[in-house]
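**Student:**
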Amino acid sequence: MINFSNTYKAIADTRLHPWLDQFKQAVNDRMADYTHGNLSDWIKLLKQLPDITPDHIELASKVEIGSASQLSETEQQELKKLLMKFHPWRKGPYHLFGQHIDTEWRSDWKWDRLKDQISSLEDRIVLDVGCGNGYHCWRMAAQNPKLVLGIDPSQLFLMQFAVMQTYLSNYPVHYLPVGLEYLPENLSDQGFDTIFSMGVLYHRRSPIDHILHMKNLLSPGGELVLETLVIDGEPDQCLIPKGRYAQMNNVWFIPSTGMLKNWLAKLDFQNIKVANVAKTGLDEQRATDWMTFQSLEDYLDPQNKELTIEGYPAPKRAVLIATKPGKRGNAKAVK
4 MINFSNTYKA IADTRLHPWL DQFKQAVNDR MADYTHGNLS DWIKLLKQLP DITPDHIELA
64 SKVEIGSASQ LSETEQQELK KLLMKFHPWR KGPYHLFGQH IDTEWRSDWK WDRLKDQISS
124 LEDRIVLDVG CGNGYHCWRM AAQNPKLVLG IDPSQLFLMQ FAVMQTYLSN YPVHYLPVGL
184 EYLPENLSDQ GFDTIFSMGV LYHRRSPIDH ILHMKNLLSP GGELVLETLV IDGEPDQCLI
244 PKGRYAQMNN VWFIPSTGML KNWLAKLDFQ NIKVANVAKT GLDEQRATDW MTFQSLEDYL
304 DPQNKELTIE GYPAPKRAVL IATKPGKRGN AKAVK
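Under this note's numbering, the sequence shown has 218 at position 215, and the numbering climbs by one with no breaks.
1) Skipping 5 residues on each side, what residues in its chain have a beta carbon closer than 8 Å to that of HIS213?
2) Tell me, please, which residues DSSP counts as bridged to SER259.
3) Please report the distance separating the alpha-carbon of MET217 from that of TRP45.
4) Can you look up LYS331 in the DSSP assignment and give me helix, strand or coil?
5) Is SER200 helix, strand or coil when you go by DSSP?
6) Below 8 Å between beta carbons: does that hold for CYS241 and PRO223?
7) Is it the case that the Cβ atoms of ILE324 and ILE121 are separated by a distance below 8 Å?
8) Cα separation between ASP69 and THR56?
9) Considering only residues of the region 13-37, which uninterrupted beta strand (DSSP E) runs meet the minimum length of 3 residues and lie entirely inside it, listed in chain order?
10) Pair every Cβ in the region 127-145 with every Cβ in the region 305-323, then say whether three or more of these pairs are closer than 8 Å.
11) Check whether the region 226-243 and the region 294-311 touch, using three or more Cβ-Cβ pairs below 8 Å as the test.
12) Under 8 Å Cβ to Cβ from SER123, same chain only, skipping five residues before and after it: list those, please.
13) ASP111 and PRO91 look like a contact to me (Cβ under 8 Å); what is the Cβ gap, rounded to whole Å?
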């Protein structure tokens, strides 16, 4: 069984402590749903990771842990075989003792597009909704936050996070295997300073409720970083796919950036800005040795890469940043 005691202690040491029991109950409820999967096998694999202290750690420009010289050639091969058992690796890339985990997504490119647009994360309490395997959480750690809490219900992503946490346990980065719906409805004035929601909104049947929930988890003056699929169009335009979108069957709404801004304004967010809009290229999302399933190229029209295989506009993503009304610093101090 996975032990979340260190995560609970980290939460207890922040102003989030009044809701600790709710966080615990959320994890218990979610873990009770894990009635299938390879969780027990993956936990055994974690114990086979090299018992070695990294000679260096780099998180500011990439996620790199240790050097290849710390392992023999045979140990390198064994490590690669072990890491491959956590396939597919979708978010990254990671560099672990010389092993370059070439993930499906170049998540570092997404981070580069927004890292200079957001407020500093120094001493902040941060929530990353739908964090995947936690790649961006580790990049956030380079800015000296007080706490980074990633949430995602995936068992596999939890285990991939645990691989890296084996060597990065001194950083204030933690992971709970839950979705946003498991968290409290409102944290009053003692919520998070920054909340990231990247690649989640279009999977929500009620996107405005998703944004509202995050607003209610922010402290006054807190910052929302919202990254999602968008279409070109007027502020009143939104694509609602009839069936699948890029072979995804759980895509509900793809708004224009103008409509996204209107949604945020409707919920009384302030200082709303579009920080970036970028088309997703075949060099940013693709199959690799570490993710051998179908990827973006298979989801686009073979004759026209500007369209998905269903005939919709090809994926384009926007990053919007907005603040919750109020002044930072009004929250009550830690107990």
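Just so it is clear, CB atoms sit at the ideal spot from N, CA and C, and this is done for glycine as well.
**Tutor:** Reading off the structure:
1) Numbered from its first residue, the sequence shown carries residue 213 at position 210. Excluding positions up to five away in sequence, the list reads LEU183, SER200, VAL203, LEU204, ARG207.
2) For the purposes of this step, residue 259 is identified with residue 256 of the sequence shown, where counting begins at 1. SER259 pairs with ILE234.
3) Position 214 of the sequence shown holds residue 217. Position 42 of the sequence shown holds residue 45. Taking the CA atoms as reference points, MET217 sits about 31 Å from TRP45.
4) The residue labelled residue 331 in the question sits at position 328 within the sequence shown. The sequence as given places Arg at residue 331; Lys does not occur at that position. DSSP, reduced to helix, strand and coil, places ARG331 outside both helices and strands of the structure shown, so it counts as coil.
5) Position 197 of the sequence shown, counting from 1, holds the residue named residue 200. Reduced to three states, the DSSP call for SER200 is strand.
6) Counting from one through the sequence shown, the residue named residue 241 turns up at place 238. Counting from one through the sequence shown, the residue named residue 223 turns up at place 220. Inclusion of CYS241 and PRO223 in the CB contact set at 8 Å is not warranted, their separation being larger than that value.
7) Against the sequence shown, residue 324 aligns to sequence position 321. Against the sequence shown, residue 121 aligns to sequence position 118. Yes. Within cutoff.
8) Translated into positions along the sequence shown, residue 69 becomes position 66. Translated into positions along the sequence shown, residue 56 becomes position 53. Sequence inspection shows Gly at residue 69; the Asp mentioned does not correspond to that position. Each residue's alpha carbon lies about 8 Å from the other.
9) Fully enclosed beta strand (DSSP E) runs of 3 or longer: not present.
10) As far as the Cβ criterion goes, the region 127-145 does not touch the region 305-323, which means the pair count is below three.
11) Cβ pair count under 8 Å is below three, so no.
12) Translated into the one-based positions of the sequence shown, residue 123 becomes position 120. Result list for SER123: GLN146, in chain order.
13) Numbered from its first residue, the sequence shown carries residue 111 at position 108. Numbered from its first residue, the sequence shown carries residue 91 at position 88. Not confirmed; about 18 Å, so no contact.
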